[in-house]
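Below is one structure; the comments refer to it alone.
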Amino acid sequence: MKPLAALRAPRALRHTVLGAGLLSALAIGATLPSTALAQGTVRIGMTASDIPLTSGAPNSGFEGVRFTGMTLYDALVSWDLSSADRAAPLVPQLATEWSVSKEDPRKWTFKLREGVRFHDGSTFNADAVVFNFAKVFDQTAPQFDAKQAAQVVARLPAYESIRKVDDYTVEITTKTPNAMLLNQLPFMFFSSPAQWEKLGRDWNAFETQPSGTGPFKLESLTPRERAVLVPNTDYWNPARRAKADRLVLIPIPEGNTRANALLSRQVDWVENPPADMLPMLGSRGFTVTSNGYPHIWPWQFSFAEGSPWLDKRVRQAANLAVDREAIRQLLGGNMVPAQGLLLPDDPAFGKPTFEIRHDPAAARALLAEAGYGPDKPLRAKVLISASGSGQMQPLPMNELIQQQLKAVGIEVEFEVLVWETLFNNWRQGAKDPASLGAHATNITFATHDPFAAIIRFMDSRNVAPVSLNWGYYANPKVDALIGELQTAFDPAENRRVYTALHETLVEDAPFLFVGHDVGPRAMSSRVQGFVQAKSWFQDLTPVHMKP
Amino acid sequence: MFAFIFKRILYAIPIALAVAAVCFSLVHLAPGDPLTAVIPADAPAEVVAAIKQAYGMDRPLVVQFGAWVQRALQGDLGLSVATGRPVMGDIALALGNTLLLAVAAAVIGFGGGIVLGTLAAFFNGRWIDKLATAIAITGVSVPHYWLGLVLVIVFSVQLDWLPSMGAGADGSGEWRWDWAHLQYLVLPAVTMCFIPMGIVTRTVRATVAEILNAEFVSALRARGLGALAITRHVAKNAAPTVLSVMGLQFGYLLGGSILVETVFSWPGTGFLLNTAIFQRDIPLLQGIILVLAMFFVALNLLVDVVQTLLDPRIKRS
Numbered sequence: 015m016k017p018l019a020a021l022r023a024p025r026a027l028r029h030t031v032l033g034a035g036l037l038s039a040l041a042i043g044a045t046l047p048s049t050a051l052a053q054g055t056v057r058i059g060m061t062a063s064d065i066p067l068t069s070g071a072p073n074s075g076f077e078g079v080r081f082t083g084m085t086l087y088d089a090l091v092s093w094d095l096s097s098a099d100r101a102a103p104l105v106p107q108l109a110t111e112w113s114v115s116k117e118d119p120r121k122w123t124f125k126l127r128e129g130v131r132f133h134d135g136s137t138f139n140a141d142a143v144v145f146n147f148a149k150v151f152d153q154t155a156p157q158f159d160a161k162q163a164a165q166v167v168a169r170l171p172a173y174e175s176i177r178k179v180d181d182y183t184v185e186i187t188t189k190t191p192n193a194m195l196l197n198q199l200p201f202m203f204f205s206s207p208a209q210w211e212k213l214g215r216d217w218n219a220f221e222t223q224p225s226g227t228g229p230f231k232l233e234s235l236t237p238r239e240r241a242v243l244v245p246n247t248d249y250w251n252p253a254r255r256a257k258a259d260r261l262v263l264i265p266i267p268e269g270n271t272r273a274n275a276l277l278s279r280q281v282d283w284v285e286n287p288p289a290d291m292l293p294m295l296g297s298r299g300f301t302v303t304s305n306g307y308p309h310i311w312p313w314q315f316s317f318a319e320g321s322p323w324l325d326k327r328v329r330q331a332a333n334l335a336v337d338r339e340a341i342r343q344l345l346g347g348n349m350v351p352a353q354g355l356l357l358p359d360d361p362a363f364g365k366p367t368f369e370i371r372h373d374p375a376a377a378r379a380l381l382a383e384a385g386y387g388p389d390k391p392l393r394a395k396v397l398i399s400a401s402g403s404g405q406m407q408p409l410p411m412n413e414l415i416q417q418q419l420k421a422v423g424i425e426v427e428f429e430v431l432v433w434e435t436l437f438n439n440w441r442q443g444a445k446d447p448a449s450l451g452a453h454a455t456n457i458t459f460a461t462h463d464p465f466a467a468i469i470r471f472m473d474s475r476n477v478a479p480v481s482l483n484w485g486y487y488a489n490p491k492v493d494a495l496i497g498e499l500q501t502a503f504d505p506a507e508n509r510r511v512y513t514a515l516h517e518t519l520v521e522d523a524p525f526l527f528v529g530h531d532v533g534p535r536a537m538s539s540r541v542q543g544f545v546q547a548k549s550w551f552q553d554l555t556p557v558h559m560k561p
Numbered sequence: 137m138f139a140f141i142f143k144r145i146l147y148a149i150p151i152a153l154a155v156a157a158v159c160f161s162l163v164h165l166a167p168g169d170p171l172t173a174v175i176p177a178d179a180p181a182e183v184v185a186a187i188k189q190a191y192g193m194d195r196p197l198v199v200q201f202g203a204w205v206q207r208a209l210q211g212d213l214g215l216s217v218a219t220g221r222p223v224m225g226d227i228a229l230a231l232g233n234t235l236l237l238a239v240a241a242a243v244i245g246f247g248g249g250i251v252l253g254t255l256a257a258f259f260n261g262r263w264i265d266k267l268a269t270a271i272a273i274t275g276v277s278v279p280h281y282w283l284g285l286v287l288v289i290v291f292s293v294q295l296d297w298l299p300s301m302g303a304g305a306d307g308s309g310e311w312r313w314d315w316a317h318l319q320y321l322v323l324p325a326v327t328m329c330f331i332p333m334g335i336v337t338r339t340v341r342a343t344v345a346e347i348l349n350a351e352f353v354s355a356l357r358a359r360g361l362g363a364l365a366i367t368r369h370v371a372k373n374a375a376p377t378v379l380s381v382m383g384l385q386f387g388y389l390l391g392g393s394i395l396v397e398t399v400f401s402w403p404g405t406g407f408l409l410n411t412a413i414f415q416r417d418i419p420l421l422q423g424i425i426l427v428l429a430m431f432f433v434a435l436n437l438l439v440d441v442v443q444t445l446l447d448p449r450i451k452r453s
């Protein structure tokens, strides 16, 4: 027994500490790994806590689609993300053209792009397309993967079946005639059947050795730590060949850690740095980019019995009472004030007859007309969360709205729920006991297509628990326009109906329209070529480092 | 001694089962659906049902728990809901990284605590004592995630001496014992060492001070023993108490580093636990909690054994 062993340790420790101190001092002059990397490596700090799945159906929401979906894979149809000035339009990708059958408008024929190869060298053709639809839709297929199905199936609600017509033609049948199939197809990526066979039909093995047709290939994957992507030099579209030598994707879920990693030059690019650090990042020479994108921060009103929002004048009054500019300032400028569900410059925004603006006098007048006044304030209860994915800064934003509404005579009480509880309640509906008798819920969402933006909330057939019509909104005019939209296959006609639908909804105000997020990113001034599209998704192929 | 160890290992079995049961109930009581991470909010009901079935989450909770325990006994903690990878593999990797961090923090924290505590006891009431006590109080009072952020701002962002996050430029899989990798360990280890250092300092100070006042120490002095010889006797008497505190603290270092590992994106069990919580990845969550609980049990056993060896007065059989 050596009782002094414990007491001797500190002496050794002091040497260690001294040594560490000396080494730290040496490190001042030494080269940190950040500067030793080869030119052309772009290291990106993502908000996800793990590398999104790489086998062809990424998890981690749209961030996954952005980083391990659209990089490694292609879809039949995707968005053109090359412009920062307009809503990203859908363009042909692995399909070159398509048509809808006049006899049976449920049947779509897609011509496939010829000469496209997967990263493993095998050919992309109709068999590969059919194989991939079966991997998520056909539970009896040997390639069925529950993990991928969970990500994809809900994003393609229109799909019913697929059949090969010839080597480069497929026919997709939808459940009902549905023009929105095109909006849903960008989420269906195509993994190589040959690679899956080669790996012993094992999708978990495919995670580390994936093979798609996308502009990047996976070089290495360390779960939860990093994924390294290298250019696919044989990419079929020369205009979208990747410029960087490497993309390194690093999950850093903590916002401050992400920003500090950028400041200490461990990464070159961070997604969504904390809003309060943006001015500092800008002043230190980092490029801060942002752009409006199809996202909305609303209150979704309840139309259940007893809700104060049943009267349209009240809904409009609330929308007129909110000073969105003040909220934008609260967020350090990182918000586009909402004038409807869609971004004000969206091609389908239209010219609603009711203008969303800050006009407290008009709000008071409308409330008075509806029978409310200083003696009889309108009272409402709203479900909110203290944080949550895409929720921006829910507490201060809601408190400011509460003050603004109080100024016109609307007294709001909040029920603050845990984010997961609030999110689950979305599907339960306002009448469910879990909604605690609330008259509105505050959950943000994506508005990148008519289904995401409108149909799931506003179609009376989607009343909770079928889908997310939490507030039991039912408007025959809206239902009719949704029906019309689903069969409007001509793009111009589709746009016209979608615009009419949006105009109708702004005028009827079933939401308190507050703001759109701007997706801030910060990057080293050496990062070149990035154009932040007005989209949840971004094109990483032109991104590279300045030599 | 062997009978004692064997008995203690047997005791660990009901503890493990209880931990597993509590953990299983807690994650199911917590708000949110276990499949939130994999199913979009507007997924059609039939899709939700199919996915639940595919993950075996449509069965009664008792059946799910039974199946899980049965597999866990065979060393199979199931597959992660979010990634489909075996939970055991992910935990093994993370545990290696956490052990590295915990040992580094323990070496600094326990070493520092013993030195400061002993000095404080020997120089009771003098400035060294006051300084050591001040350090100890600061150590246990400062929230370590806040300290971590401050250290990052000073040493990574402002001075650019040390990396602010991660476990190596190429990930922890490529860990090596050179400065290029060790530099990633410095800030998280220093951040984590403060609480154990404070607690060990206080324990050592109190224990040693008490022993120094004991009659046998006066007797040793009267017999003319030198300071070093007296220190040796004092240390031997203080060791059991200090060891049990250190054992407990090491357990906390292993399990309680969730905030520090998150602040530094250190790919250990705390970071993994955080991920599992936010993704509601129940198999992963259960697996980590069980493994960490078993570590606690094993550490307590180890401490008991070492205490018995150090102090024959502790009769345990």
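First to last, the sequence lines map onto chains R and L.
Okay, so the first sequence: first residue is 15 according to the working numbering, each after it adds one.
Okay, so the second sequence: first residue is 137 according to the working numbering, each after it adds one.
Note that beta-carbon positions come from the ideal geometry of N, C-alpha and C, so glycine has one too.
In this text the structure is predicted, and so the values were computed from the model without any measurement.
- Secondary structure in the region 123-183 of chain R: the beta strand (DSSP E) runs of 3 residues or longer, each lying completely within the stretch, are 173-180 in chain order.
- Selection R:N439, R:F459, R:A460 and R:T458 evaluated against L450 of chain R yields R:N439 as nearest (Cα-Cα).
- Burial of T405 of chain L is indicated by the presence of at least 16 other C-beta atoms within 10 angstroms of its C-beta.
- Membership of M537 of chain R in the beta strand (DSSP E) is indicated by the continuous run R535 to M537.
- A buried status is given to Y281 of chain L, since no fewer than 16 other beta-carbon atoms sit within 10 Å of its beta-carbon.
- If only complete runs of 4 or more residues are kept, the region 365-415 of chain L shows the alpha helix (DSSP H) at 394-399 and 405-415, in order along the chain.
- For L431 of chain R, no alpha helix (DSSP H) segment is defined; the enclosing uninterrupted segment is the beta strand (DSSP E) at I424 to L431.
- R207 of chain L counts as exposed, since fewer than 16 other beta carbons sit within 10 angstroms of its beta carbon.
- Around the beta carbon of A238 of chain L, 16 or more other beta carbons sit within 10 angstroms, so the residue counts as buried.
- Secondary structure note for M60 of chain R: its beta strand (DSSP E) is the uninterrupted segment T55 to M60.
- Residue contact check for R470 of chain R against chain L: a CB pair falls below 8 angstroms.
- The shortest C-alpha to C-alpha distance from I424 of chain R to any of R:I398, R:Y386 and R:A454 is the one to R:Y386.
- Beta-carbon to beta-carbon, D88 of chain R and T227 of chain R are separated by about 5 angstroms, close enough to satisfy the 8 angstroms threshold.
- Ranking R:D141, R:F203 and R:I58 by CA distance to the CA of R177 of chain R puts R:D141 first.
- Between P464 of chain R and M202 of chain R, the beta carbon gap of about 18 angstroms keeps them out of contact (Cβ cut-off 8 angstroms).
- By the criterion of a C-beta distance shorter than 7 angstroms, V278 of chain L is surrounded in its chain by F330, once the five residues flanking it on both sides are discounted.
- F230 of chain R is bridged by DSSP to R:P245.
- Where V114 of chain R is concerned, the enclosing beta strand (DSSP E) starts and stops at A109 to V114.
- By the neighbour-count criterion, in which a residue is buried when 16 or more other Cβ atoms sit within 10 angstroms of its Cβ, T518 of chain R is buried.
- In the structure shown, the three-state DSSP call for P267 of chain R is coil.
- L287 of chain L places its beta carbon less than 8 angstroms from that of L323 of chain L.
- Annotated as distal: L285 of chain L and N348 of chain R, with beta-carbon spacing of 8 angstroms or more.
- Assignment of W311 of chain L by DSSP, reduced to helix, strand and coil, places it in the coil class.
- For H164 of chain L, the number of other beta carbons within 10 angstroms of its own is below 16, and it is reported as exposed.
- Counting C-beta pairs closer than 8 angstroms gives fewer than three between the region 291-305 of chain L and the region 367-376 of chain L, which falls short of the contact rule.
- Counted as a single uninterrupted DSSP element, the beta strand (DSSP E) harbouring K395 of chain R occupies residues L392 to S399.
- The three-state secondary structure of L153 of chain L, taken from DSSP, is helix.
- In the three-state reduction of the DSSP assignment, H317 of chain L falls in the helix class.
- Annotation: the continuous alpha helix (DSSP H) that includes H280 of chain L extends over H280 to L287.
- For the 8 angstroms CB-CB criterion, G306 of chain R and L357 of chain R form a contact.
- In the three-state scheme derived from DSSP, where H, G and I count as helix and E and B as strand, G253 of chain L is classed as helix.
- One finds nothing in chain L with a Cβ atom closer than 8 angstroms to the Cβ of E128 of chain R; even the nearest lies about 34 angstroms away.
- By the CB criterion at 8 angstroms, M328 of chain L and V381 of chain L fall outside the cutoff.
- Pairing V105 of chain R with V143 of chain R gives a Cβ-Cβ distance that is not under 8 angstroms.
- Taking the Cα of V158 of chain L as reference, the smallest distance to any Cα among L:F431, L:L318 and L:F201 is reached at L:F201.
- Within the region 148-161 of chain R, Q153, A160 and K161 place their CB atoms closer than 8 angstroms to a CB of chain L, listed in sequence order.
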